[in-house]
Amino acid sequence: MRKNNFYKFQSNRHLRTKIITIIIIVIVIWFAITILPHFFRNTYVVTIASKQIKSQNNKDIRYIIYTQMEDGTIKAFKNDNSILEFKFNSEDLYRGLMIRRKYEIKTYGFRIIPLASYENIITAKQTK
């Protein structure tokens, strides 16, 4: 009788260890997705080639800005609000960008093509 109870206790301990491990993995993945991109910052001098508003429903609006880099390559950026950056003016920034004008933009994040992940524009300053 005692032997069976001992094995049941071991099984519960093993289950708790698995649950704790899964919780830790979920927290690490959440950190990697939400916090880590803020450490990758870049500054570019670009010419705005095109702009696009993508909306999946009435609530989710994503501003995509297509730019031409100084070396001639095309690169896409997103313009979303960010609580961690205290940026809440994405619509104003999007409307202020003019096509065929040159800007110095500051971004964070990285581009992951299969996930449709873009660098997010923090600021844009027109240059000559």
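Numbering-wise (this note's numbering), the sequence shown opens with residue 8 and increments by one. Glycine included, C-beta positions come from ideal geometry on N, C-alpha and C.
Remark: C-beta atoms of F84 and I128 approach each other more closely than 7 Å. If you draw a straight line from the Cα of R20 to the Cα of I27, it comes to about 11 Å.
With three or more CB-CB distances shorter than 8 Å, the stretch 69–88 counts as touching the stretch 47–61.
With 16 or more other Cβ atoms from the protein chains shown falling within 10 Å of its own Cβ, E126 counts as buried.
In the structure shown, Y125 falls within a coil segment according to DSSP collapsed to helix, strand and coil. Within the same chain, Cβ atoms closer than 6 Å to the Cβ of K113 are found at T50, I129, T130, the five residues on either side in sequence being excluded. Counted as a single uninterrupted DSSP element, the alpha helix (DSSP H) harbouring E98 occupies residues 97–103.
For R69, the enclosing beta strand (DSSP E) begins and ends at 68–76. In this structure F117 is in contact with P44, their Cβ atoms being roughly 6 Å apart against a cut-off of 8 Å. When the Cα atoms are used, L104 and F38 turn out to be separated by approximately 32 Å. Pairing I81 with V52, the inter-Cα distance amounts to about 12 Å.
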